Amino acid sequence: MNQTKRMNIVCWADKGGVGKTTLATNLALALGAPLLDLDPQGDAARWAENRRLAVSRLNTPEAVQKALRQKGTRVADCPPGQGEVALSAIALADLLIIPSKTGDADMVALLRAFELARKVQTVRPLRVGLVLNLARETGRAKGVEAALRAQAGNDFMWLGKLGARVSVEDAYATGKGLLQVGGAVAHEFRQILAAVESIVSTDSTHSTESYESVQLGGPS
Amino acid sequence: MTKAKAAETAALSLLGVGTREQGTRMPTWAPEDTRVKPRQMNIQLTPEGLAMLQEAQVKCLQKGVCRASFRGVVLEVVLKEWLEAQ
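Residue numbers (this note's numbering), protein chains in the order written: chain A, 6 to 225; chain B, 10 to 95.
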C-alpha cells in the first residue's frame with residue numbers, strides 16, 4: 006500500500022442498511038489500510054475491536070477533514086444520509102464506494118447518491134464505484150443488476166456484487182472477514198477487492214497541480 | 010492555498026459542510042421546500058425516453074417477459090436519461 010500518496014476510500018450510501026459497514030471493514034482488512042468509523046452507531050469499530058484491529062472513531066466534520074487530508078490509504082465507514090460528517094468524507098474522497106440493494110427505494114437513493122457525487126466531480130476528481138449488496142436471485146433483482154451494469158462507464162464503475170447470505174451476517178457477528186468465510190462469499194468479495202485494488206494502484210491523484218480550474222464557494 | 014486544497018474547499022462548500030441556515034444543516038443547494046424532508050428524485054423522461062419505455066413494454070408483453078425484466082429496462086432508460094442530462 007502506497008503511503009506517500011493519498012487515497013481516501015469512502016463507503017457511503019444515502020440509505021441505511023445497504024452494507025456500508027460490511028464493505029468498509031472487509032476492504033480495510035484486506036487492503037491492510039486504517040479503518041475510520043464515522044458512524045455514531047459504531048458498528049465498524051465494534052467489529053474491528055473483535056479482531057483487535059486499530060480503528061479511529063471520528064464524529065465531527067473537522068476531525069474527518071483532518072484525517073482525510075493525511076497521506077496514505079484509508080477506508081472510511083460513513084453514516085447514511087447527508088449529514089455534515091458524511092458530506093465531509095464525500096468531499097474529500099478519492100474513491101466513493103456506494104453499496105445498494107435492488108429495491109425501488111434503493112434505486113431512488115442510488116440516484117440521489119450519484120447526484121451528490123456529480124456535484125463533487127464538478128470541482129475535483131472523484132471516482133465512484135457501485136457494489137450491489139444483498140443481491141437475490143430473483144428475476145427482478147437480476148433485471149436491476151443488468152440495468153446497472155449496462156450503465157456503468159465513465160460516471161460510475163461496477164465493482165461487483167455480494168449475494169444475500171446468512172454467512173455474511175455470521176461473519177460480521179464473529180469478527181471474521183468475508184475472505185475467511187470462503188466459498189461464494191469469498192469469491193464475490195475477491196472480485197470487488199480486485200476492482201478496488203486496481204483503482205488504488207493506478208490512480209495518480211493528488212499531485213497538487215492536477216486541477217485545471219477551481220471554483221470557490223457558494224452553491225451551484 | 011494549493012489547487013488541490015482549493016478544490017477540496019470548494020467541494021465542502023458545494024455540499025454545504027460547515028454552513029448553517031436558519032438552524033438547519035441541509036445542504037445549501039437543496040431547494041427551500043425540501044429543507045425539512047428528504048429530497049425525492051423526480052425524473053422527467055424526454056419524449057424519446059418515454060417512447061423507448063413504451064416500445065420496451067410492448068416487446069416485453071409480446072414475448073411474455075415478466076414484469077421483473079421490464080423493471081430492469083425502466084431503470085436502464087431512467088438512468089441513461091439522467092446521466093445524459095448532467
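Using N, Cα and C, we set each Cβ at its ideal position, and we do this for glycine too.
The structure presented is a predicted model; accordingly, all values stated were derived computationally and were not measured.
**Prompt:** Does DSSP put residue 33 (chain B) in a helix, in a strand, or in coil?
**Reply:** Residue placement at residue 33 (chain B) is poorly supported in this model, since its pLDDT is 38, which falls under 50; the coordinates are not used for a value here.
**Asked** Taking all protein chains shown into account, do 16 or more other C-beta atoms lie within 10 angstroms of the C-beta of residue 209 (chain A), making it buried, or fewer, making it exposed?
**Response** Residue confidence for residue 209 (chain A) is low, a pLDDT of 46 falling below 50, so the modelled location carries little weight; the figure read from the coordinates is stated next. Classification for residue 209 (chain A): exposed.
**Item:** Opening and closing residue of the alpha helix (DSSP H) in which residue 34 (chain A) lies
**Value:** Taken as a continuous stretch (DSSP letters only), the alpha helix (DSSP H) holding residue 34 (chain A) covers 25-36.
**Asked** For residue 123 (chain A), which residues from the same chain have a beta carbon less than 6 Å from its beta carbon, with the 5 sequence-adjacent residues on both sides left out?
**Response** Excluding positions up to five away in sequence, the list is empty.
**Request:** Would you mind telling me which residues of chain A sit closer than 7 Å to residue 17 (chain B), beta carbon to beta carbon, in chain order?
**Result:** By Cβ distance, chain A contributes 96, 97, 129.
**Request:** Rounded to whole angstroms, what's the CA-CA distance from residue 168 (chain A) to residue 19 (chain B)? Just pull it up for me.
**Result:** Cα-Cα distance, rounded: 38 Å.
**Message:** Cutting at 6 Å between CB atoms, please list the residues of its own chain near residue 192 (chain A), excluding the five before and the five after it.
**Reply:** For residue 192 (chain A), where only same-chain residues beyond five positions count, there are no Cβ hits under 6 Å.
**Request:** From the DSSP output, read off the bridge partner residues of residue 132 (chain A).
**Result:** Looking at the DSSP output, residue 132 (chain A) sits in a beta bridge with A:100.
**Asked** Exposed or buried, what is residue 138 (chain A) when buried is set at 16 or more other beta-carbons lying within 10 Å of its beta-carbon?
**Response** Per the 10 Å Cβ criterion, buried.
**Request:** Measure the beta-carbon distance from residue 90 (chain A) to residue 69 (chain A) and round it to whole angstroms, keeping in mind my assumption that it falls under 8 Å.
**Result:** Rounded to the nearest angstrom, the Cβ distance from residue 90 (chain A) to residue 69 (chain A) is 6 Å, consistent with a contact under 8 Å.
**Asked** Cβ of residue 176 (chain A) within 8 Å of Cβ of residue 105 (chain A)?
**Response** In this structure, residue 176 (chain A) lies away from residue 105 (chain A), with their beta-carbon atoms at least 8 Å apart.
**Request:** With DSSP collapsed to three states, give me the class of residue 11 (chain B).
**Result:** If DSSP states are grouped into helix, strand and coil, residue 11 (chain B) belongs with coil.
**Prompt:** Distance, Cα to Cα, residue 45 (chain A) vs residue 62 (chain A)?
**Reply:** Rounded to the nearest angstrom, the gap between the Cα atoms of residue 45 (chain A) and residue 62 (chain A) is 8 Å.
**Prompt:** To which residues does DSSP link residue 112 (chain A) through a beta bridge?
**Reply:** Beta-bridge pairing links residue 112 (chain A) to no other residue.
**Request:** Show which residues of chain B have a CB atom less than 9 Å away from the CB atom of residue 142 (chain A).
**Result:** Those do not exist, as residue 142 (chain A) stays about 11 Å from chain B at its closest Cβ, beyond 9 Å.
**Message:** Please tell me whether residue 92 (chain A) has its Cβ less than 8 Å away from any Cβ of chain B.
**Reply:** Nearest CB-CB separation between residue 92 (chain A) and chain B: below the 8 Å threshold.
**Message:** Based on DSSP bridge pairs, tell me the residues matched to residue 166 (chain A).
**Reply:** Beta bridge pairing from DSSP links residue 166 (chain A) with A:137.
**Prompt:** Should residue 109 (chain A) go down as buried or exposed, given a rule of 16 or more other Cβ atoms within 10 Å for buried?
**Reply:** So residue 109 (chain A) counts as exposed.
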